[in-house]
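Engineer: Chains as they are written, first to last, in this note's numbering: chain X, -8 to 76; chain L, 246 to 398.
For each residue, glycine too, the CB sits at the ideal point set by N, CA and C.
Can you keep this structure in mind? I'll have questions shortly.
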Amino acid sequence: MARTETVIVKLKGMAADVLNRLIETGFYTNKSEALRAGVIRLGQEYGLVDLTEYYEKRLDEALRKSGKKPTYEEVMETIGRTRKD
Amino acid sequence: MKRVAFRLYLDTNVYVFGRALGKSNSKIILDLVKTGVVTVVVSDVLVSEVREVFARLYGRDAGKYARFYVESFSRGQKISALEIAGERRKYASFVKKEDLDHLTAAKIGEVNYFITTDSDFRESGAKSVVKILTPKEFVELVGIEPYDTPHDE
């Protein structure tokens, strides 16, 4: 289980505006998600984290936890439907 | 293995099979991207689609991480929906409407190859404007022993 760190952050001015716009424009579903992504990107910028490795691991865990193993046809059908929606 | 820098556009199916199947040609390609042997072109439309497809197939968390995973390949440079909108008319006669944005993004990104398992797309008029390969064909092209999979995935 990943460690959870709770941080209370006060934002104002540009930082608050940018955060609100990231949600309003739909890039992120909520402020926590946007702030998490921002911290991880900072880590990448300063060479502390390999973003691809990090998200690859998270994604593989999510696939495993889902327990789902769609067939080739199901995958292609889902892509087709998504593309038409 | 041939040490040539290839520039690719990976269709959504390559990301799905590459992460979902342990032994697949798609996974080999995703690993090659990490090593820098190939670079991939990422577009807004691709990121949204990958997120939605993973969410529909594996749940919301998978969709969220798939989106960030694909974005991490873009190195901060993504073909925007605006750029695609400005160019898509040029390629409208070559593919079905639903595939047009991906073809347009690949052309804007000046890729060497469009990689997909989609046989309809491979047989479409798109092949006259961009070189299309299956994951297996690309893996063979770079000199790696491919996996023998039913759909070249």
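Examine chain L for any beta-carbon lying closer than 8 Å to the beta-carbon of I14/X, and answer yes or no.
Structural biologist: By one-based count along the first sequence, residue 14/X stands at place 23. So, not an interface residue.
Engineer: When you check each C-beta in the stretch 41 to 66 of chain X against every C-beta of chain L, which residues fall closer than 7 Å?
Structural biologist: Within the stretch 41 to 66 of chain X, the qualifying residues are L42, T43, Y46, E47, R49, L50, D51, A53, L54, S57, K59, P61, Y63, V66.
Engineer: If you compare alpha carbons, which of E382/L, A351/L, S373/L is closest to V285/L?
Structural biologist: Along the second sequence, one-based indexing puts residue 285/L at 40. Of E382/L, A351/L, S373/L, the residue nearest in Cα terms is A351/L.
Engineer: Mapping the DSSP letters down to three states, classify L253/L as helix, strand or coil.
Structural biologist: In the second sequence, counting from the first residue as 1, residue 253/L sits at position 8. Note: L253/L maps to strand in three-state DSSP.
Engineer: Kindly say whether P391/L, judged by its beta-carbon, lies nearer than 8 Å to any beta-carbon of chain X.
Structural biologist: Within the second sequence, the letter at position 146 stands for residue 391/L. Closer than 8 Å: no.
Engineer: Under 8 Å, CB to CB, which of the residues in the stretch 279 to 313 of chain L have a partner in chain X?
Structural biologist: Listed by position, the residues of the stretch 279 to 313 of chain L near chain X (Cβ gap below 8 Å) are K279, E294, E297, V298, F299, R301, L302, Y303, G304, D306, A307, K309, Y310, A311, F313.
Engineer: Work out the CA separation of G17/X and A307/L for me, nearest whole Å.
Structural biologist: As a first step, residue 307/L is located in the second sequence; it is residue number 62 there, counting from the start. As a first step, residue 17/X is located in the first sequence; it is residue number 26 there, counting from the start. Roughly 18 Å separates the two Cα atoms.
Engineer: Decide if D344/L is buried, meaning its Cβ has at least 16 other Cβ atoms within 10 Å, or exposed.
Structural biologist: The residue you call residue 344/L lines up with position 99 of the second sequence. Buried, since its Cβ has 16 or more Cβ neighbours within 10 Å.
Engineer: Could you check what DSSP says for V79/X in three-state terms: helix, strand or coil?
Structural biologist: No answer is possible for residue 79/X: it lies beyond the span of chain X, which begins at -8 and ends at 76.
Engineer: Mapping the DSSP letters down to three states, classify Y310/L as helix, strand or coil.
Structural biologist: For the purposes of this step, residue 310/L is identified with residue 65 of the second sequence, where counting begins at 1. Y310/L: helix per DSSP, three-state reduction.
Engineer: Using a Cβ-Cβ cutoff of less than 6 Å, which residues in the same chain neighbour V375/L once the five nearest sequence positions on both sides are dropped?
Structural biologist: Position 130 of the second sequence, counting from 1, holds the residue named residue 375/L. Excluding positions up to five away in sequence, the list reads A351, F359.
Engineer: Which term fits G263/L, buried or exposed, when burial requires 16 or more other beta carbons within 10 angstroms of its beta carbon?
Structural biologist: Taking the first residue of the second sequence as 1, we reach residue 263/L at position 18. Buried, because 16 or more other Cβ atoms sit within 10 Å of the Cβ of G263/L.
Engineer: Strictly under 8 Å for the Cβ-Cβ distance: is A28/X near chain L by that measure?
Structural biologist: Numbered from 1 along the first sequence, position 37 holds the residue referred to as residue 28/X. With 8 Å as the cut-off, A28/X counts as an interface residue toward chain L.
Engineer: How about T257/L: is its C-beta nearer than 8 Å to some C-beta of chain X?
Structural biologist: Position 12 of the second sequence holds residue 257/L. Cβ-Cβ to chain X under 8 Å: yes for T257/L.
Engineer: State whether the stretch 43 to 57 of chain X contacts the stretch 320 to 340 of chain L, with contact taken as three or more CB pairs (one from each stretch) at a distance under 8 Å.
Structural biologist: No: the two stretches stay apart, fewer than three of their Cβ pairs being nearer than 8 Å.
Engineer: From V267/L to L348/L, what distance separates their C-alpha atoms?
Structural biologist: Translated into the one-based positions of the second sequence, residue 267/L becomes position 22. Translated into the one-based positions of the second sequence, residue 348/L becomes position 103. For clarity, residue 267/L is Gly in the given sequence; the question names Val instead. Distance between the alpha carbons of G267/L and L348/L: 28 Å.
Engineer: For a test of the three-state rule: what should DSSP assign to L266/L, helix, strand or coil?
Structural biologist: In the second sequence, counting from the first residue as 1, residue 266/L sits at position 21. The answer is coil: DSSP assigns L266/L none of H, G, I, E or B.
Engineer: Where does K342/L fall in DSSP's three states?
Structural biologist: Numbered from 1 along the second sequence, position 97 holds the residue referred to as residue 342/L. The answer is helix: DSSP assigns K342/L an H, G or I state.
Engineer: Does the beta-carbon distance from F318/L to V278/L come in below 8 Å?
Structural biologist: As a first step, residue 318/L is located in the second sequence; it is residue number 73 there, counting from the start. As a first step, residue 278/L is located in the second sequence; it is residue number 33 there, counting from the start. Yes, they are a contact pair.
Engineer: Check the Cβ-Cβ distances between R74/X and every residue of chain L, and say whether any is below 8 Å.
Structural biologist: Taking the first sequence and counting its residues from 1, one reaches residue 74/X at position 83. Yes, its Cβ sits closer than 8 Å to a Cβ of chain L.
Engineer: Determine contact between the stretch 283 to 299 of chain L and the stretch 18 to 37 of chain X, defined as no fewer than three beta-carbon pairs at a distance below 8 Å.
Structural biologist: These segments do not touch.
Engineer: Can you tell me the Cα-Cα spacing of Y303/L and L50/X, whole angstroms?
Structural biologist: Translated into positions along the second sequence, residue 303/L becomes position 58. Translated into positions along the first sequence, residue 50/X becomes position 59. Going from the Cα of Y303/L to the Cα of L50/X covers about 10 Å.
Engineer: Just to confirm the assignment, what range does the beta strand (DSSP E) spanning I329/L have?
Structural biologist: On the second sequence, position 84 is the one that residue 329/L refers to. From DSSP, I329/L is part of no beta strand (DSSP E) but of the alpha helix (DSSP H) over 326 to 332.
Engineer: Quick check: V384/L and R252/L, are their CB atoms within less than 8 Å of each other?
Structural biologist: Working through the second sequence from its first residue, we reach residue 384/L at position 139. Working through the second sequence from its first residue, we reach residue 252/L at position 7. Result no, Cβ atoms of V384/L and R252/L do not sit closer than 8 Å.
Engineer: If you measure from the beta carbon of F318/L to each beta carbon in chain X, is any gap under 8 Å?
Structural biologist: Locating residue 318/L in the second sequence gives position 73, where the first residue counts as 1. At least one chain X Cβ lies under 8 Å of F318/L.
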